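Engineer:
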Amino acid sequence: MGDIMALMSKASGWIWTDECDASDASVPQLVHFRKVMDLDPQPEVLRVRVSADTRYRLYVNGSFVEDGPQKGDHENWYYDTVDLAPWLKKGKNVLAACVLRYPKEPEKGNFSMFRTNMPGFYLEEENGQFSADGTWKVRKRKNCEITGEHPFFAPLWIYERAQGDEESDYWKEPEFDDSGWKNAVPYPFLAVKRAVSPGNLYARTIPPMKRVPGRFSGVSALRESACTKEEWEKFLQGESTICLPAGAHEIVEITSGEEMTAYLSLAVSGGRGSVCRLLYSECYYCRDDGKDRMFPGGKKGDRTDAENGVLIGQEDVYTVSGYGKSDRPERYEPFWFRTFRFIRLDIIVGEEPLVLEKLDYQETGYPLEVKTHVETSDPSLAAVWEISERTLKRCMHETYEDCPYYEQLQYAMDSRSQILYTYQVAADDRLARNCMNDMKNSVRHDGMINCCYPQTGPNVIPGFSIYYIGMVYDHMMYFDDPDLIRDHLPVIDGILRFFERNLDDRGLVGPIGGLNVVGKYWSFIDWTPQWDATTGVPGKAHEAGPLTMESLLYVLGLMYAAELSDHIGRCGMAEEYRRRAASVKAAVNTYCRGRDGLYQDGPGVEAYSQHCQVFALLTETVDREEGRRLLEITLADREEYAPCSVAMAFYLFRAMELAGIYDRTERQWDVWREMVKNHCSTCVEDDVKARSDCHAWGALALYELPAAVLGVGPKAPGYREIQVSPVPGYLTWAKGKVITPRGMVSVSWKKKEDGSLDLQYTLPMEQKDGSARTERQK
Numbered sequence: 136m137g138d139i140m141a142l143m144s145k146a147s148g149w150i151w152t153d154e155c156d157a158s159d160a161s162v163p164q165l166v167h168f169r170k171v172m173d174l175d176p177q178p179e180v181l182r183v184r185v186s187a188d189t190r191y192r193l194y195v196n197g198s199f200v201e202d203g204p205q206k207g208d209h210e211n212w213y214y215d216t217v218d219l220a221p222w223l224k225k226g227k228n229v230l231a232a233c234v235l236r237y238p239k240e241p242e243k244g245n246f247s248m249f250r251t252n253m254p255g256f257y258l259e260e261e262n263g264q265f266s267a268d269g270t271w272k273v274r275k276r277k278n279c280e281i282t283g284e285h286p287f288f289a290p291l292w293i294y295e296r297a298q299g300d301e302e303s304d305y306w307k308e309p310e311f312d313d314s315g316w317k318n319a320v321p322y323p324f325l326a327v328k329r330a331v332s333p334g335n336l337y338a339r340t341i342p343p344m345k346r347v348p349g350r351f352s353g354v355s356a357l358r359e360s361a362c363t364k365e366e367w368e369k370f371l372q373g374e375s376t377i378c379l380p381a382g383a384h385e386i387v388e389i390t391s392g393e394e395m396t397a398y399l400s401l402a403v404s405g406g407r408g409s410v411c412r413l414l415y416s417e418c419y420y421c422r423d424d425g426k427d428r429m430f431p432g433g434k435k436g437d438r439t440d441a442e443n444g445v446l447i448g449q450e451d452v453y454t455v456s457g458y459g460k461s462d463r464p465e466r467y468e469p470f471w472f473r474t475f476r477f478i479r480l481d482i483i484v485g486e487e488p489l490v491l492e493k494l495d496y497q498e499t500g501y502p503l504e505v506k507t508h509v510e511t512s513d514p515s516l517a518a519v520w521e522i523s524e525r526t527l528k529r530c531m532h533e534t535y536e537d538c539p540y541y542e543q544l545q546y547a548m549d550s551r552s553q554i555l556y557t558y559q560v561a562a563d564d565r566l567a568r569n570c571m572n573d574m575k576n577s578v579r580h581d582g583m584i585n586c587c588y589p590q591t592g593p594n595v596i597p598g599f600s601i602y603y604i605g606m607v608y609d610h611m612m613y614f615d616d617p618d619l620i621r622d623h624l625p626v627i628d629g630i631l632r633f634f635e636r637n638l639d640d641r642g643l644v645g646p647i648g649g650l651n652v653v654g655k656y657w658s659f660i661d662w663t664p665q666w667d668a669t670t671g672v673p674g675k676a677h678e679a680g681p682l683t684m685e686s687l688l689y690v691l692g693l694m695y696a697a698e699l700s701d702h703i704g705r706c707g708m709a710e711e712y713r714r715r716a717a718s719v720k721a722a723v724n725t726y727c728r729g730r731d732g733l734y735q736d737g738p739g740v741e742a743y744s745q746h747c748q749v750f751a752l753l754t755e756t757v758d759r760e761e762g763r764r765l766l767e768i769t770l771a772d773r774e775e776y777a778p779c780s781v782a783m784a785f786y787l788f789r790a791m792e793l794a795g796i797y798d799r800t801e802r803q804w805d806v807w808r809e810m811v812k813n814h815c816s817t818c819v820e821d822d823v824k825a826r827s828d829c830h831a832w833g834a835l836a837l838y839e840l841p842a843a844v845l846g847v848g849p850k851a852p853g854y855r856e857i858q859v860s861p862v863p864g865y866l867t868w869a870k871g872k873v874i875t876p877r878g879m880v881s882v883s884w885k886k887k888e889d890g891s892l893d894l895q896y897t898l899p900m901e902q903k904d905g906s907a908r909t910e911r912q913k
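Numbering (the working numbering), first residue to last: 136 to 913.
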């Protein structure tokens, strides 16, 4: 009994406010917390554990310290450990936190951010002296509405309609008078939900996101302004201010020079009642029909064509309070980072002049350190590499992301490619481990995993489970962590059991999905033009029954799982998986071959794609010589045979390499050359609609140039042997340095007149015996 009573009185470290009523439960909320503390002497170290439901931003004496927590789910909630000492001083100090709380309703907040039914802020100091309790002060921010992107599909709820006030700006400062604030309401220890109780919180598993100060590079269009372009550009460089007269209407479009993910900061003085609209866009859209369309988007051409184009995007709206002075300006800083290349400033000045004091940003993202560098005889690939590297960086934050502008969701198919790109350029597996754990944690009752995770709602694409298995296989080859394999194999077994349960009488994977939203599961394969009307699903095959691609993906998963099982000594399971793979391959060859021996999109269906030929090659369902013939047929006619889009290009290139026609990749790179020609600063989602201008599955060059062109890759698990076997294709020379988990590999080769290679390479010291070298037949 005494133990229970002790727990009832035990502090939980979690606090909230009683200012939120029932109506607040259905809308996002911003809540501010403060704790004043006197320190003597100034501590050398003061560590705290901090978390929130849903997100927090932590400040000390007005300076930003950290934000979080790392994205998790209902069973995996994270905390950060922060040393506050560098921001503290002797005497009066203040800890301050802004907490963004999303409603429990999944559609009313970021899809990638879980929340419990217990909103709160958590902070525990090692000695308990400054832990979150009833002595903290709290106030709900009442002048900021957080909205979603679109009424139909809004994975991001980050945009703001905010009204400035002095309290919302200065509340983080030690001198701020919080006597009008209420005391925070502590949660009793036993009332805290198990997922977020202090004993169940998990320490952060990834490094903090970087924050790098940045400035806008210039003005892209001066639509309506009392100031000159030169005056605006001096302002953007921090060299002067912009003074706008009362009643003025300014429309100015500015650029960061490249796609950016960053926290924005606008400082103003005066201008009470002025309305500042900040519209964020990835590019200029064509004025094709006079309509500014945002969903699914307008047509695109030259992304920088401000003269003929229009910016389309989401916006923040900030109404100026007017309390700002030049030496202490009013600031507007949106809570979440923004994605932009261009921003349209639409400012209507109130009854008094408005001075723009400063507009800048802090770039944010995963701290990826790119170490690989490649040069080739094709100068066009240098620009392709540049936009690819930027694309990968912009799609890495607390998780891998499909795109930073629209969804910020970690999809298994996208992430498998992104992880390989990361391995090849940085040999960094920290975010990859986190991704694999996220996928594992999303496992469902039927063995499937969510196609993207963390995600607050169910969303299954059966084939995406196979790409997750590929992630685990790739990690084995690059890093070889047997314990990691053992952790994931139970989920892998369940995925493969799902496919086995759904085999039909012919031994093919039966219909297991359908069109997006319409079917229980979504049988997405690729965003190719022929399948656009059927949401990326092979339409004719879907109407008739099973998809050949889902059988081939199942085979690929079995092959990966067999290798993983062998590696940790599950030899019997490996043999079973190989037997099952052989059986499905035989069924595909019996029932899914059509004219010219091509693999059909579905058994007996006269519809064909590159995809089925590609995966028939990759799964050894067809031999290389025959596979080459089939692949060449589909490469020759993109209208008759659905082509692989940007999303599937990684697998297309692997098949072309395997078939010995890697020289044909020269024309495949035209898709990326077109991106460069159109002044894209990142790789587009696809070459059909290009909804997103930054989609990391398109960063293909980061794999192709080091892994194929220079030929550097793992020959044995964990890079115990390093393979150096270039695939020159159409190129005449290439050179570079490729980072591996074992160290740096330098490679240089030139084609001789007879077509052979003059190859030179340097391996890390422990590999100097040269035993890693392998030769590919030309």
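Think of the CB as a built atom: it goes at the ideal place given N, C-alpha and C, for glycine as much as any other residue.
In this text, all values refer to a predicted model and were calculated from it rather than measured experimentally.
#1: Enumerate, from N- to C-terminal direction, the unbroken alpha helix (DSSP H) stretches of 4 or more residues contained entirely within the stretch 500 to 542.
#2: Quick one, which of GLN745, ALA319 and ALA751 has its alpha-carbon nearest VAL719's?
#3: Check GLN748 in the structure and name its three-state DSSP category.
#4: Report all residues from its chain with a CB closer than 7 Å to the CB of ARG428; omit the five preceding and five following residues, and keep chain order.
#5: Taking the continuous beta strand (DSSP E) assigned at MET571, which residues delimit it?
#6: Within the continuous alpha helix (DSSP H) that includes PHE633, where are the two ends?
#7: Assuming CYS413 contacts VAL387 under a Cβ cut-off of 8 Å, what Cβ separation, rounded to an integer in Å, is found between them?
#8: Is DSSP giving TRP151 helix, strand or coil here?
#9: Give the DSSP-derived three-state secondary structure of TRP832 in the structure shown.
#10: Return the chain-ordered ranges of every alpha helix (DSSP H) run that is complete within the stretch 681 to 716 and spans a minimum of 4 residues.
#11: Taking all protein chains shown into account, do 16 or more other C-beta atoms lie within 10 angstroms of the C-beta of SER744, making it buried, or fewer, making it exposed?
#12: Curious, which full-length beta strand (DSSP E) runs of at least 3 residues does the stretch 231 to 304 contain?
#13: Taking 7 Å as the cut-off, is the beta-carbon of THR754 closer than that to any non-hydrogen atom of the ligand MN?
#14: Beta strand (DSSP E) containing TYR415: first to last residue?
#15: Which of the three DSSP states is assigned to ARG579 in this structure?
#16: Which residue's Cα is closest to the Cα of PRO488: PRO589, GLU521, THR534 and GLY408?
#17: Are the stretch 868 to 881 and the stretch 505 to 517 in contact at 8 Å, needing three or more beta carbon pairs?
#18: By alpha-carbon positions, which one of ARG773, GLU261, ASN569 and GLY707 ends up nearest to THR97?
#19: Which partner residues does MET879 have in the DSSP bridge list?
#20: Under 8 Å by Cβ, that's how I've got GLN553 and ALA397 pegged, so tell me the actual separation to the nearest angstrom.
#21: Smallest Cα separation from THR390: which of LEU837, SER816, TRP804 and VAL327?
#22: At the level of alpha carbons, what is the spacing between LEU894 and VAL844?
#23: So, for PRO502: in the same chain, excluding its five sequence neighbours on each side, which residues have a beta-carbon less than 6 Å away from its beta-carbon?
#24: Look at LYS493 and SER404 and say whether their C-beta atoms are less than 8 Å apart.
#25: Would you list the one or two residues that DSSP bridges to CYS421?
#26: DSSP puts ASP218 in a beta bridge; with which residues?
#27: If you draw a straight line from the C-alpha of THR499 to the C-alpha of ARG236, how long is it?
#28: Once you ignore the five residues that flank CYS378 on each side, which residues in its own chain have a CB closer than 7 Å to its CB?
#29: For CYS706, is the classification buried or exposed, using 16 other Cβ atoms within 10 angstroms of its Cβ as the cut-off for buried?
#30: Start and end of the beta strand (DSSP E) containing VAL823?
#31: Which residues share a DSSP beta bridge with LYS460?
#32: Quick check on THR439: does DSSP put it in helix, strand or coil?
#33: Would you list the residues sitting across from LEU165 in a DSSP beta bridge?
#34: Going by the beta-carbon positions, is the gap between CYS411 and LYS275 smaller than 8 Å?
#35: Rounding to the nearest angstrom, what Cα-Cα distance links GLU308 and ALA232 in this structure?
#36: For a quick check, are the C-beta atoms of LEU766 and ALA794 less than 8 Å apart?
Structural biologist: So, to answer that:
#1: Runs found: 515 to 529.
#2: When only C-alpha atoms are compared, the closest one is ALA751.
#3: Under the three-state reduction of DSSP output, GLN748 falls in the helix class.
#4: Because ARG428 sits at a pLDDT of 46, beneath the cut-off of 50, its placement in the model cannot be relied upon, and the following sentence gives the value as read from the coordinates. ILE447, listed in sequence order.
#5: Where MET571 is concerned, there is no enclosing beta strand (DSSP E), although the alpha helix (DSSP H) it sits in stretches over 565 to 576.
#6: Unbroken alpha helix (DSSP H) run through PHE633: 617 to 636.
#7: The sequence given here places Leu at residue 413; Cys does not occur at that position. 11 Å between Cβ atoms; not a contact.
#8: If DSSP states are grouped into helix, strand and coil, TRP151 belongs with the strands.
#9: Helix.
#10: With a minimum length of 4 residues, the continuous alpha helix (DSSP H) runs that stay inside the stretch 681 to 716 are 683 to 702.
#11: With a 10 Å radius around the Cβ and a threshold of 16 neighbouring Cβ atoms, SER744 comes out buried.
#12: As for any beta strand (DSSP E) of minimum length 3 sitting wholly inside the stretch 231 to 304, the runs are 255 to 260, 272 to 275, 279 to 283 and 292 to 298, ordered along the chain.
#13: As presented, the structure is devoid of all ligands, the ligand MN included, so that no description of it is given.
#14: That run of the beta strand (DSSP E) goes 410 to 416.
#15: If DSSP states are grouped into helix, strand and coil, ARG579 belongs with coil.
#16: When C-alpha distances from PRO488 are compared across PRO589, GLU521, THR534 and GLY408, the shortest belongs to GLY408.
#17: The stretch 868 to 881 is in contact with the stretch 505 to 517.
#18: Nothing can be reported for residue 97: it is not among the residues displayed for the chain, which extend from 136 to 913.
#19: The bridge partners DSSP lists for MET879 are ILE874.
#20: Not quite, the Cβ-Cβ distance comes to about 20 Å (not below 8 Å), so this is no contact.
#21: Cα-wise, what sits closest to THR390 is SER816.
#22: If you take the alpha carbons of LEU894 and VAL844, they lie about 12 Å apart.
#23: These residues qualify, in order along the chain: PRO342 and LYS345.
#24: No Cβ-Cβ contact shorter than 8 Å links LYS493 with SER404.
#25: In the DSSP output, where bridge partners are listed per residue, CYS421 has GLY444.
#26: DSSP, once it has assigned bridges, lists ARG182 as partnering ASP218.
#27: Going by the C-alpha atoms only, they are around 21 Å apart.
#28: Within the same chain, PRO488 and VAL490 come within 7 Å of CYS378 by CB-CB distance, once the 5 residues on both sides are set aside.
#29: In summary, CYS706 is exposed, with fewer than 16 beta-carbon neighbours lying within 10 Å of its beta-carbon over all protein chains present.
#30: For VAL823, there is no enclosing beta strand (DSSP E), as DSSP marks it with neither H nor E.
#31: According to DSSP, LYS460 bridges with ARG463.
#32: Three-state DSSP puts THR439 in coil, outside helix and strand.
#33: Note: LEU165 sits in a beta bridge opposite LEU235.
#34: Going by beta carbons, CYS411 and LYS275 fall outside the 8 Å limit.
#35: Rounded to whole angstroms, GLU308 to ALA232 spans 11 Å at the Cα level.
#36: In this structure, ALA794 lies closer than 8 Å to LEU766 by Cβ.
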